[in-house]
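In order, the protein sequences belong to chains A and B. Just so you know, the first sequence maps onto residues 0 to 292 in numbering that gives the first Met the number 0. Just so you know, the second sequence maps onto residues 0 to 131 in numbering that gives the first Met the number 0.
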Amino acid sequence: MPSLDDLRKRITSVKSTQKITKAMKMVAAAKLRKAQENAEKGRPYSEKMNNVILNLSKSITDKENAPKLLVGTGEEKVHLCIVLTADRGLCGGFNTNIIKKAKSYFEKIISENKTLKIITVGSKGYDQLKRQYKSYIVENISFKESKNINYFDADKVGKIIIEKFEKNEFDVCAIFYNKFKNVITQIPQEQQIVPLNEDKDDKDVSGNDNDYEFEPDEDEILSNLLPKNISTQIFKAMLENSASEQGSRMTAMDNATRNAGELVDRLTIEYNRSRQAAITKELIEIISGAESL
Amino acid sequence: MSNLFNIDIVNPEQSFLSKDNVFEVVIPAVEGEIGILKDHIPIISFLKPGIIRVFSESEEQSFYVEDGIVEFKDNTLSVLTSSIFDLKDADKNFVSESISSAEAELSKDNIDDQKRFLLNHKVEVLKSISIN
């Protein structure tokens, strides 16, 4: 049975924790709105980019000589996985969910006797993966210094990928990130970016009559465009990720605040009970002392 | 009949410019400048460093772009670019910085001809901006 003093101390400490989680929740909520806005603003670019690539790849007849970034190297021995996570913790299952998704993919690759290479973006992913997969991690990138998500950072990652591709260091590349659905739900995603997975469900039906004029020819445009597309996909993933991170943190901190509240209530009852017990005990002592006189 | 069409300029972070009353746009495509008027045939091309000029009924706007993709279709011109700024609010420091970084890049030995050409061109365009 803890003493009154102990209980009092615990209540104060839980209360101050609650204050912190509450503040974090509010900060996350404010950041979430901004992140969501950014994600929405960034959408037209990646959509248009996708459209253009779709139109281009349709008009390429000579699949054999098409750029390798589009059709792949013809093999799939070496898999490069880009795992995008947050730089900070205290955001619920956000990082763990991505890692879980990525790990199951890793296991599949390893069991198929293929070579696995990992690039982690964000320090939390590196922290969680380094224990088990240290030997596979080829690079660890973190953008802790940059305050906002910007295209420049995404482009850096994109360039690393392209460079590795040109050196024939991998055949297939997939990225892992959380897709923002709403504040409560974030869906871990696995997306293949090299070779480019064509959308099976062709939305652009009206575009079938595309008699585009290409200047210069399709191949050259594609080989110029595809590296950009990789950066764009990374950027999109980073935007989705940041919105998800804030959403996830907000929910986690909201839960933490509520749990702390419950804990305070329980502790207060316990405190009051033992205080009352102490008073009763004293009264009994006084009364029985008086009676014995 | 009106001779106006739409233009959308987007960069990765946001939609940069969206207008529906332009009658001519001049873009610095990689194989030379292209002037686009209404009912141009569908075209896809990409950009080299240069100036995009947008002529609308009320005004004329100029933007510096470094690279990008253009698509014209159904009387909508989409420009996708990662680096763009309005010439009106061009930052002198930024321009001169870009020039010097491009020149530094040029002085390296290991660049191919195409890159050299693009860099030279970039320096030229940027210098013409800083004079104005």
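We treat Cβ as the ideally placed atom computed from N, Cα and C, and that holds for glycine. As the structure is a prediction and not an experimental result, all values here were calculated from the model.
Cβ contact (3+ pairs, closer than 8 Å) linking the stretch 239 to 259 of chain A and the stretch 82 to 94 of chain A: yes
Residue interval of the beta strand (DSSP E) (run including A/P226): Position 227 of the first sequence, counting from 1, holds the residue named residue 226 of chain A. Counting along the chain, A/P226 falls outside any beta strand (DSSP E), though it belongs to the alpha helix (DSSP H) covering 217 to 290.
C-beta neighbour in chain B for A/L55, strict 8 Å: Taking the first sequence and counting its residues from 1, one reaches residue 55 of chain A at position 56. So yes, A/L55 belongs to the interface.
Neighbourhood of A/Q17 by C-beta distance below 6 Å, restricted to the same chain and skipping five residues each side: In the first sequence, counting from the first residue as 1, residue 17 of chain A sits at position 18. Closer than 6 Å at Cβ, skipping near neighbours: T256, A259.
Best match in A/E111, A/D210, A/N223, A/E239 for proximity to A/K158 [C-alpha to C-alpha]: Within the first sequence, the letter at position 159 stands for residue 158 of chain A. Of the listed residues, the one whose Cα sits closest to A/K158 is A/N223.
DSSP bridge partner residues for B/R52 (one or two, in chain order): For this step, residue 52 of chain B is matched to residue 53 along the second sequence. According to DSSP, B/R52 bridges with B/V25, B/S61.
Those residues which DSSP pairs with B/E32 across a bridge: The residue labelled residue 32 of chain B in the question sits at position 33 within the second sequence. In DSSP, B/E32 forms a bridge with B/P27.
Under 8 Å from the C-beta of B/A28: neighbouring residues of chain A: If you number the second sequence from 1, residue 28 of chain B lands on position 29. Ordered by position in chain A, the residues that pass the 8 Å Cβ test against B/A28 are E214.
Beta-bridge pairing of A/V13 - partner residues as DSSP gives them: For the purposes of this step, residue 13 of chain A is taken as the residue at position 14 of the first sequence. DSSP lists no partner for A/V13.
Closest Cα partner of B/Q60 within the set B/D66, B/G67, B/I68, B/I51: Counted from its first residue, the second sequence places residue 60 of chain B at position 61. The shortest Cα separation from B/Q60 among B/D66, B/G67, B/I68, B/I51 belongs to B/I51.
Test item: CB-CB of A/T11 and A/D170 under 8 Å: Residue mapping note: residue 11 of chain A aligns to position 12 of the first sequence, counting from 1. Residue mapping note: residue 170 of chain A aligns to position 171 of the first sequence, counting from 1. Against a cut-off of 8 Å, the Cβ pair of A/D170 and A/T11 comes out as no contact.
CA nearest to the CA of A/I148, picked from A/K133, A/R274, A/V51, A/K33: Taking the first residue of the first sequence as position 1, residue 148 of chain A is located at position 149. A/I148 has its Cα closest to that of A/K33, out of A/K133, A/R274, A/V51, A/K33.
Beta-carbon proximity of B/L16 to B/I8, cut-off 8 Å: Reading the second sequence from its first residue, position 17 is the one you call residue 16 of chain B. Reading the second sequence from its first residue, position 9 is the one you call residue 8 of chain B. Against a cut-off of 8 Å, the Cβ pair of B/I8 and B/L16 comes out as a contact.
Pick from A/K166, A/I183, A/D216, A/K235 that is closest to A/N37, judged by C-alpha positions: Along the first sequence, one-based indexing puts residue 37 of chain A at 38. Of A/K166, A/I183, A/D216, A/K235, the residue nearest in Cα terms is A/K235.
Check whether A/D126 and A/S230 have beta carbons under 8 Å apart: Locating residue 126 of chain A in the first sequence gives position 127, counting from the first residue. Locating residue 230 of chain A in the first sequence gives position 231, counting from the first residue. It is not a contact, given that the beta carbons lie outside the stated cut-off.
Given A/Y176 as reference, the closest of A/N167, A/T119, A/V51 once Cα atoms are compared: Translated into positions along the first sequence, residue 176 of chain A becomes position 177. Comparing Cα-Cα distances from A/Y176 to each of A/N167, A/T119, A/V51, the minimum goes to A/T119.
Contacting positions in the stretch 2 to 18 of chain B - beta carbon closer than 7 Å to chain A: V9, N10, P11, E12, Q13, S14
Residue from A/A289, A/I174, A/S103 with nearest C-alpha to A/I233: Residue mapping note: residue 233 of chain A aligns to position 234 of the first sequence, counting from 1. Answer by Cα proximity: A/I174.
The stretch 28 to 48 of chain B / the stretch 65 to 77 of chain B touching (three or more Cβ pairs under 8 Å): yes
Length of the line joining the Cα atoms of A/D5 and A/E284: Start at 1 with the first residue of the first sequence, and residue 5 of chain A comes out as number 6. Start at 1 with the first residue of the first sequence, and residue 284 of chain A comes out as number 285. Approximately 24 Å, taken between the alpha carbons.
Candidates A/K76, A/I220, A/F93, of which the one nearest A/E168 by Cα: Sequence index remark: in the first sequence, residue 168 of chain A carries index 169 (1-based). Out of A/K76, A/I220, A/F93, A/K76 has the C-alpha closest to the C-alpha of A/E168.
Chain A contacts from the stretch 31 to 56 of chain B (Cβ-Cβ distance under 8 Å): I33, I40, P41, I42, I43, S44, F45
Beta carbon proximity, A/I220 to chain B, threshold 8 Å: Working through the first sequence from its first residue, we reach residue 220 of chain A at position 221. A/I220 counts as touching chain B.
Proximity test, Cβ basis, 8 Å: A/G41 and chain B: For the purposes of this step, residue 41 of chain A is identified with residue 42 of the first sequence, where counting begins at 1. Yes, its Cβ sits closer than 8 Å to a Cβ of chain B.
Cα-Cα separation between A/K280 and A/S287, rounded to whole angstroms: Walking along the first sequence from the start, residue 280 of chain A turns up at place 281. Walking along the first sequence from the start, residue 287 of chain A turns up at place 288. Going from the Cα of A/K280 to the Cα of A/S287 covers about 11 Å.
Neighbourhood of B/S77 by C-beta distance below 6 Å, restricted to the same chain and skipping five residues each side: In the second sequence, the residue the question calls residue 77 of chain B occupies position 78. Cβ within range, chain order: D7, E70.
With 16 other Cβ atoms within 10 Å as the buried cut-off, status of B/G31: Looking up residue 31 of chain B in the second sequence gives position 32. When all chains shown are included, B/G31 counts as exposed.
Contact list for the stretch 74 to 98 of chain B against chain A, Cβ threshold 8 Å: S77, L79, S81
In chain order, each alpha helix (DSSP H) run of at least 4 residues that lies wholly inside the stretch 33 to 77 of chain A: 67 to 70
Any C-beta of chain B under 8 Å from that of A/L3: Position 4 of the first sequence holds residue 3 of chain A. By this cut-off, A/L3 is not an interface position.
Chain-ordered chain B contacts of A/V26 [CB-CB under 9 Å]: For the purposes of this step, residue 26 of chain A is taken as the residue at position 27 of the first sequence. Near A/V26 there are no residues of chain B at all, since even the closest Cβ is about 22 Å away, more than 9 Å.
Range of the contiguous alpha helix (DSSP H) that encloses B/T75: For the purposes of this step, residue 75 of chain B is taken as the residue at position 76 of the second sequence. Unbroken run through B/T75 is the beta strand (DSSP E), 75 to 79; no alpha helix (DSSP H).
Chain B within 8 Å of A/M252, Cβ atoms only: As a working note, residue 252 of chain A is residue 253 in the first sequence. Chain B, which has no Cβ nearer than 8 Å to the Cβ of A/M252, makes this no.
Residues within the stretch 146 to 170 of chain A neighbouring chain B, beta-carbon criterion of under 8 Å: N149, Y150, A153, D154
Whole-angstrom distance between B/G34 and A/M23, CA atom to CA atom: The residue you call residue 23 of chain A lines up with position 24 of the first sequence. The residue you call residue 34 of chain B lines up with position 35 of the second sequence. Taking the straight line joining both Cα atoms gives about 53 Å.
Pair within 8 Å by beta-carbon distance, A/Y44 and B/P11: Taking the first sequence and counting its residues from 1, the one referred to as residue 44 of chain A is at position 45. Taking the second sequence and counting its residues from 1, the one referred to as residue 11 of chain B is at position 12. It is a contact, given that the beta carbons lie within the stated cut-off.
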